[in-house]
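Below is one structure, written out as structure tokens; comments come after it.
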Amino acid sequence: MPNGHGIMSEAAGMCHGISINISIAIGLIDLMDKSHFETVAVAVFEDNKSLVFTNGSKTKLFMGLGIYSDALNIDGQQFQPPRFTTQPSSSGSIVSEGRTKILQCHALGYPQPTYRWIKNGIPMGDYSSSQYMRILNTQRDDAGSYKCIAKNEAGSIFSESIDVVVAYMGTFSNITEGRLHVISGHPAILDLPPIESVPVPSVMWQTVDGPLNYDIKYAYSKDNQLIILSADEVDRQSYRARAINTQLGKEENSAFIHLNVSGDPYIEVAPEIIVHPQDMKLKRGEQVAELQCIANARPLHELETLWFKDGIPLENAEIAHTLNDPWNRSLALLSVNLTHSGEYACQVRLRSGGHKTLTSKAKIEILEPPSFFTPMRQETFGELGILVTLPCDVVGDPQPTVSWFKNAEPIDLKNEKYSLSEDNALHIKKLELADSAMYQCLAVNEAGEKSAYTWLRVKTRNAIINTITNSTTSKDHRFNKHFEVYAKSKVFPSTKAATNTSAFELATTIITTTSSATTTNASTRDEFAGAAPLAAAGGGGNCAFVSDLLRRIKRLAQPRILRVKSSHNGGAPGSGYNNNRRKDFRFGNNNNNQLTT
């Protein structure tokens with residue numbers, strides 16, 4: 001070491017899967033020359049304090065190299081995997097035809113993630129730094145399911161999906177006027193003529209004279225049919241539909257339908273259910289769900305409709321609901337939850353009697369979208385060559401189907417390396433460094449989908465080939481120590497060396513291309529005899545730890561910090577009196593001869 005300078009280093013490369021060449025020399029004299037601290041160099045004690053103390057003739061020294069095999073960094077900054085802060089689904093999903101639609105997804109990570117958009121499972125373009133996707137002059141074929149992939153050196157993840165809907169409206173395809181004939185007392189059902197519209201239009205029925213009055217005679221189905229109940233001669237008119245696309249603000253009028261009614265206007269007509277309640281599967285949390293039971297009879301004002309849930313009158317069923325009209329034709333279920341599941345029945349009868357009671361039933365199922373009852377860890381560590389299990393604790397109704405992805409690509413479970421347990425956990429056998437990636441569990445059922453992800457970091461298992469041996473030397477003599485650390489990869493293993501008694505200059509060279517380490521040219525400052533045990537360990541920390549230690553060493557380069565004086569007045573050698581010690585640290589004569597803080 002020229003001039004006895006304390007810390008010198010050269011470094012090139014990154015920590016993960018890339019060869020790194022690092023030479024580090026660690027000394028105990030003249031540490032005030034700060035010019036050698038410009039590149040990566042770290043000397044650490046067992047207690048992780050980056051300090052070098054000498055106390056007269058004896059020092060307890062613990063040196064280690066703080067670079068770990070599972071770490072990723074650039075310029076001393078630890079890699080951080082991408083994590084979404086803005087999902088595409090947080091924006092509105094509908095856009096008018098011909099307008100511009102902007103989708104956004106944003107993820108945090110280091111380095112800053114890049115983005116790629118997927119439509120209906122097909123990639124669109126290359127990765128870019130822009131978190132926005134602009135769909136200019138949207139057309140109908142732009143509708144579809146979109147998601148984005150966020151990617152950096154740590155791995156890739158995909159976002160939630162958003163179903164983009166392009167609003168448009170055509171015209172009524174049939175412009176020919178129609179005719180409908182019914183018998184007096186029976187219902188007249190007028191279907192909405194075909195029209196292309198997204199979303200489904202709001203429909204108002206009207207006559208030549210204008211909109212229809214709110215009356216017991218008129219009912220409207222969820223399919224936008226006009227149902228004229230107990231038709232009579234007064235209903236002989238021309239009717240047409242007025243369709244309104246509320247997204248576009250566009251209106252279209254259908255051709256007229258001419259209604260003709262014939263027959264005895266006084267004959268009684270038995271009750272008949274025209275529109276039956278339908279079985280439905282509802283997602284928990286829906287604001288409103290509607291059941292319809294539209295019936296006809298003559299006399300119409302004698303017709304009564306009652307609702308039941310699981311055989312109990314609806315008013316006693318203790319569920320949130322409302323009836324939308326005075327004739328109980330429409331039942332609305334509010335703020336749907338599990339209490340709404342069950343069998344609903346409508347009963348139709350004439351109050352005056354004389355005809356049997358009619359009943360129509362429908363079953364309501366409440367679906368639970370997937371959710372994770374145990375959050376997935378942000379990071380998962382695994383040992384090289386060992387099996388690791390990634391849980392996917394998901395629930396839902398119906399039971400979700402689970403798929404696993406590695407860096408946003410589907411995992412082929414036919415590969416013997418992977419297996420899936422009954423609880424949807426993914427087992428990865430014989431971990432390799434190439435298995436370090438972002439793993440994402442996607443759960444899907446009828447009610448929706450949900451995903452969770454974790455960063456799997458594989459640590460190496462290092463083994464010492466030849467252990468450093470005990471050595472005895474005297475003051476101002478030099479000695480050589482050599483040891484090798486074997487790792488199953490090019491990843492740089494961490495190392496530690498120690499002496500029991502004396503301060504000395506220690507030079508360590510680690511070259512990952514040979515996976516070996518050598519301590520050489522150690523010149524003692526005083527007579528010493530001690531063991532120099534070596535330990536090699538896989539990554540328990542990360543490169544941020546190295547950077548932090550480097551910053552601390554740079555601070556320690558100040559004379560007021562590193563210059564430690566000792567006093568022998570009244571004290572035995574090695575007693576550790578340090579009058580000008582740094583206030584944060586103390587080198588004392590404790591039981592273990594260790595540095596303390």
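Taking full-length UniProt numbering, the leading residue of the sequence shown gets 1, the next gets one more, and so forth.
Here a beta-carbon is modelled for each residue, glycine too, at the ideal position from N, C-alpha and C.
Everything numeric in this text was worked out from a predicted model, so none of it was measured.
Test item: CB-CB of residue i and residue j under 8 Å
{"i": "serine 335", "j": "glutamine 287", "result": "yes"}
{"i": "cysteine 441", "j": "alanine 452", "result": "yes"}
{"i": "alanine 243", "j": "serine 197", "result": "yes"}
{"i": "histidine 355", "j": "proline 299", "result": "no"}
{"i": "glutamine 237", "j": "leucine 259", "result": "yes"}
{"i": "glutamate 290", "j": "alanine 332", "result": "yes"}
{"i": "asparagine 245", "j": "proline 194", "result": "no"}
{"i": "alanine 297", "j": "leucine 350", "result": "yes"}
{"i": "leucine 431", "j": "glycine 385", "result": "yes"}
{"i": "methionine 149", "j": "alanine 408", "result": "What sits at residue 149 in the sequence shown is isoleucine, not methionine. Yes, these two residues count as a Cβ contact at 8 Å."}
{"i": "leucine 103", "j": "serine 90", "result": "no"}
{"i": "lysine 459", "j": "phenylalanine 381", "result": "yes"}
{"i": "isoleucine 135", "j": "threonine 171", "result": "no"}
{"i": "alanine 167", "j": "leucine 248", "result": "yes"}
{"i": "asparagine 224", "j": "valine 208", "result": "no"}
{"i": "aspartate 235", "j": "alanine 188", "result": "yes"}
{"i": "leucine 387", "j": "lysine 429", "result": "yes"}
Pick from the options that is closest to residue i, judged by C-alpha positions
{"i": "alanine 255", "options": "Asn316, Leu192, Gly125", "result": "Leu192"}
{"i": "isoleucine 366", "options": "Gly448, Gln112, Pro199", "result": "Gly448"}
{"i": "asparagine 337", "options": "Lys250, Asn424, Leu282, Tyr418", "result": "Leu282"}
{"i": "arginine 179", "options": "Ile102, Tyr239, Thr389", "result": "Tyr239"}
{"i": "glutamate 153", "options": "Leu108, Leu358, Asn328", "result": "Leu108"}
{"i": "alanine 362", "options": "Asp423, Gln399, Lys459, Trp307", "result": "Trp307"}
{"i": "leucine 190", "options": "Tyr344, Ala219, Arg134", "result": "Ala219"}
{"i": "serine 403", "options": "Glu315, Leu248, Leu387, Asn445", "result": "Asn445"}
{"i": "serine 129", "options": "Thr114, Ala143, Phe381, Ser173", "result": "Thr114"}
{"i": "serine 145", "options": "Arg134, Arg329, Val164, Leu248", "result": "Val164"}
{"i": "alanine 443", "options": "Ala437, Ile312, Lys429, Ala425", "result": "Ala425"}
{"i": "threonine 359", "options": "Gly353, Gly263, Ala345", "result": "Ala345"}
{"i": "arginine 284", "options": "Lys250, Thr339, Asp325", "result": "Thr339"}
{"i": "residue 615", "options": "Gln206, Glu233, Met133", "result": "Past the edges of the chain, shown from 1 to 597, lies residue 615, and the structure says nothing about it."}
{"i": "threonine 389", "options": "Lys406, Leu420, Pro369, Phe405", "result": "Leu420"}
{"i": "lysine 450", "options": "Met133, Arg116, Pro375, Gln112", "result": "Pro375"}
{"i": "glutamine 78", "options": "Gln112, Gly98, Asn213, Trp117", "result": "Gln112"}
{"i": "glycine 98", "options": "Glu268, Trp117, Ala143", "result": "Ala143"}
{"i": "lysine 250", "options": "Ser221, Arg83, Pro199", "result": "Pro199"}
Unbroken beta strand (DSSP E) run spanning residue i, endpoints
{"i": "alanine 434", "result": "Element bounds for alanine 434: n/a, residue is neither H nor E."}
{"i": "arginine 99", "result": "Premise fails: arginine 99 is in no beta strand (DSSP E) and is neither H nor E."}
{"i": "residue 599", "result": "Any answer about residue 599 is impossible in this case: the structure gives the chain only from 1 up to 597."}
{"i": "serine 93", "result": "Run containing serine 93: none; DSSP gives neither H nor E here."}
{"i": "aspartate 142", "result": "Careful: aspartate 142 lies outside any beta strand (DSSP E) and carries neither H nor E."}
{"i": "residue 598", "result": "Nothing about residue 598 can be reported from this structure: the residues present for the chain run from 1 to 597 only."}
{"i": "phenylalanine 172", "result": "162 to 172"}
{"i": "threonine 114", "result": "114 to 119"}
{"i": "isoleucine 183", "result": "178 to 183"}
{"i": "phenylalanine 158", "result": "155 to 158"}
{"i": "serine 128", "result": "122 to 128"}
{"i": "glutamine 80", "result": "80 to 86"}
{"i": "isoleucine 135", "result": "132 to 135"}
Cβ-Cβ separation, residue j to residue i (assumed contact under 8 Å), whole Å
{"i": "histidine 301", "j": "isoleucine 216", "result": "7 Å"}
{"i": "alanine 231", "j": "valine 261", "result": "5 Å"}
{"i": "serine 371", "j": "glycine 396", "result": "7 Å"}
{"i": "isoleucine 162", "j": "serine 96", "result": "Not confirmed; about 17 Å, so no contact."}
{"i": "histidine 106", "j": "threonine 86", "result": "4 Å"}
{"i": "glutamate 252", "j": "methionine 169", "result": "7 Å"}
{"i": "tyrosine 110", "j": "glutamine 80", "result": "4 Å"}
{"i": "lysine 151", "j": "serine 159", "result": "In fact, because the Cβ distance is near 12 Å, the residues do not count as touching under 8 Å."}
{"i": "isoleucine 228", "j": "valine 348", "result": "Incorrect: roughly 18 Å between the Cβ atoms, too far for contact."}
{"i": "glycine 210", "j": "isoleucine 267", "result": "In fact, because the Cβ distance is near 31 Å, the residues do not count as touching under 8 Å."}
Residue i Cβ short of 7 Å to the ligand PLP heavy atom set
{"i": "lysine 406", "result": "In the structure on display, the ligand PLP does not appear, and there are no ligands present to speak of."}
Taking only runs of the beta strand (DSSP E) that begin and end inside the UniProt domain "Ig-like" (271 to 365), which ones reach a length of at least 3 residues, in chain order? Uninterrupted beta strand (DSSP E) stretches at least 3 residues long and entirely within the UniProt domain "Ig-like" (271 to 365) occur at 280 to 283, 288 to 292, 294 to 298, 303 to 309, 321 to 323, 330 to 334, 342 to 350, given in chain order.
Identify every run of the beta strand (DSSP E) within the region 203 to 284, keeping only runs that are complete inside it and at least 3 residues long; order them along the chain. Inside the region 203 to 284, DSSP marks whole beta strand (DSSP E) runs of 3 or more residues at positions 218 to 220, 226 to 228, 238 to 245, 250 to 253, 257 to 262, 269 to 275, 280 to 283, from first to last along the chain.
Would you list, in sequence order, the uninterrupted beta strand (DSSP E) runs of no fewer than 3 residues that lie entirely inside the UniProt domain "Ig-like" (370 to 454)? You should have 379 to 383, 388 to 390, 394 to 397, 401 to 406, 418 to 420, 426 to 428, 437 to 445.
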